[in-house]
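Count the sequence shown with my numbering and you get residues 45 to 148, in order.
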Amino acid sequence: MNTKEDLSALERQIKIEVKQGYLNFVAGEKRLEVSKKNVVAAEENRKINYERYSLGSGTILNVLQADRDYTQALTERINAKFEFFKQRDNLLNALGKLSYTNFE
């Protein structure tokens, strides 16, 4: 009887891991999409501030802040990509479909 209970507990644990893995994967996918949009917006803001500065209507401080924001957006994009791939691999692992040949 203990083995049936153990098997049932293991099945529940696997279901929880798969569901959590899926939810984390979807959240990572959304974060990746948002980070793409943030990079585009920061790049456009950077161009606008450079143009204003070159025309004399903007300050160097605005340019530097736009550069900082662009760099931050790129950093967040890299982190979002890393998290996305990590969550994808966690989900594949929970499903028993992770190929370890990529890691050899």
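Glycine is no exception: its CB is placed at the ideal position from the N, C-alpha and C atoms.
By the Cβ-count criterion, F69 is buried, with 16 or more other Cβ atoms from all chains shown falling within 10 Å of its own Cβ. Between A86 and D113 a beta carbon distance of about 5 Å is seen, short of the 8 Å cut, so the two are scored as contacting. Secondary structure of T103 (DSSP, three-state): coil.
Of the residues K63, Q64, L54 and E77, the one whose Cα lies closest to the Cα of I122 is E77. Our two residues, Y144 and L118, have alpha carbons roughly 30 Å apart in a direct line. For a cut-off of 8 Å, the C-beta gap from E120 to N82 is around 6 Å, short enough to register as a contact. A residue is called buried once 16 or more other Cβ atoms fall within 10 Å of its Cβ, and Q57, having fewer, is exposed.
Across the set Y94, I60 and N106, the C-alpha of I60 shows the shortest separation from the C-alpha of N134. Annotation: F128 to V62 spans about 16 Å, alpha carbon to alpha carbon.
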